[in-house]
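Enquirer: Numbering-wise, numbering that gives the first Met the number 0 puts 13 at position 14 of the sequence shown, and it's gapless, one number per residue. Note that the Cβ used here is the ideal one computed from N, Cα and C, for glycine as well.
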Amino acid sequence: MLGGDDNDTLNGGGGADFLGGEQGDDMVRGQGSSGDTVSGGAGNDELDGGDGHDMLWESGDADYTLDDTTLVSEESGSSETDQLSNLQEATLYGGSTANTIDGSDWSGRLHANGAGGHDTIIGGDAADRLYGGAGQDDISGGGGNDVLRGQGGNNDVLDGGDGNDKLDGGIGHDNLSGGNGDDRLTGGIGNDVIDGGDGTDAIYERGDGDYDLGDARLIADNGTDELASIDQAFIKGGDGDNNIDASDFTGPVTLVGVDGDDTLTGGSGDDRLIGRAGDDNLFGGDGADVLTGLSGSDML
């Protein structure tokens with residue numbers, strides 16, 4: 000249900016409704032308990048999710064500041080404020096320019112995507128999903144078990160903060176910091192700087208190519224990553240003949256060859272090596288290792 004250019008009142012029904020105020024200073028009420036999505040659009044709106052688990056949704060080339068009772072959007076020198084009630088999640092999309100999406104004072108779950116531009120995205124204490132989109136982005140998870148993705152932009156900065164977070168730099172030379180908690184970090188394509196921080200942290204990488212892993216660096220066909228405070232590693236190859244060598248890594252590793260005739264070499268930890276398809280060579284090294292060849296004529 001969508002409003003128009005005037006000051007509209009929109010009331011949902013018993014189902015899971017989408018209510019968009021569009022232009023004007025609107026009053027939007029979700030009502031019901033089936034999970035509604037409300038959007039004010041332009042103007043100073045009143046948005047009430049009603050009963051159930053309801054979501055705020057907004058999109059525009061604007062800066063957003065979100066807390067439990069208000070959403071302030073600023074664009075081209077003008078500011079609008081929506082009054083919020085009975086909303087548990089929020090989805091906010093930026094535009095093609097540099098946007099700031101600040102949900103640090105929002106207690107619900109935040110889904111944010113900066114889209115284009117050099118964006119700044121800040122999560123709160125819930126389990127947020129924060130994506131940079133294109134452009135060079137700065138993303139901070141805050142508290143909660145968050146997912147942060149730099150995506151297509153170059154030179155993103157991702158900071159997980161507290162909680163057990165998942166960070167993925169995507170394309171470009173990115174800087175990833177896990178912060179507190181047990182984090183999972185993926186540099187992706189490019190020469191990345193990866194710091195697990197406190198907790199038991201793991202690096203996750205996958206793709207067709209060769210890998211050489213040590214405690215302080217990971218050399219791969221798609222870039223060289225600098226590592227700090229990384230306790231575990233998971234590396235998965237692809238369809239080709241991959242050489243995955245973790246002999247200089249002291250923590251436990253899981254190495255998976257996938258297809259092709261792969262060579263997998265563990266380190267000094269308690270490792271798990273899986274050859275899968277192809278004629279694979281698996282070398283566990285020190286530690287209590289588990290080696291599984293699966294199909295093909297493998298050497299263990």
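D67: which of G123, F282, N6 and G141 sits nearest, CA to CA?
Expert: G123
Enquirer: Based on DSSP bridge pairs, tell me the residues matched to F233.
Expert: Y203 and T253
Enquirer: Is the beta carbon of D81 less than 8 Å from the beta carbon of N98?
Expert: no
Enquirer: By the three-class DSSP mapping on this structure, what secondary structure does Q135 have?
Expert: coil
Enquirer: Please specify which runs of the beta strand (DSSP E), each continuous and at least 3 residues long, are wholly inside the segment 25-55, giving them in chain order.
Expert: 26-28, 36-38 and 45-47
Enquirer: Q30: which of N242, D224, N85 and T64 sits nearest, CA to CA?
Expert: Ranking the options by Cα distance to Q30, first place goes to N85.
Enquirer: Report the three-state DSSP secondary structure of D124 (helix, strand or coil).
Expert: coil
Enquirer: When you compare each of A215, T8 and G168 to D136 by their alpha carbons, which one comes out closest?
Expert: G168
Enquirer: Using 10 angstroms around the beta-carbon of T8, count the other beta-carbons present and answer buried if the total reaches 16, otherwise exposed.
Expert: exposed
Enquirer: Under the three-state reduction of DSSP, which class applies to F282: helix, strand or coil?
Expert: Residue state, collapsed to three classes: strand.
Enquirer: For L226, count neighbouring Cβ atoms within 10 angstroms of its own Cβ and tell me buried if that reaches 16, exposed if not.
Expert: buried
Enquirer: According to DSSP, what are the bridge partners of G213?
Expert: Paired residues: D247.
Enquirer: Determine the extent of the beta strand (DSSP E) in which A227 is found, giving its start and end residues.
Expert: Bounds of the beta strand (DSSP E) holding A227 are G222 to A227.
Enquirer: Per DSSP, which residues does I218 bridge with? Please list them.
Expert: D211 and T223
Enquirer: Is the separation between the beta-carbon of G265 and that of G292 shorter than 8 Å?
Expert: no
Enquirer: For D155, count neighbouring C-beta atoms within 10 Å of its own C-beta (all shown protein chains included) and say buried if the count is 16 or more, exposed if not.
Expert: Of the residues assessed, D155 falls on the buried side of the cut-off, its CB having 16 or more other CB atoms within 10 angstroms.
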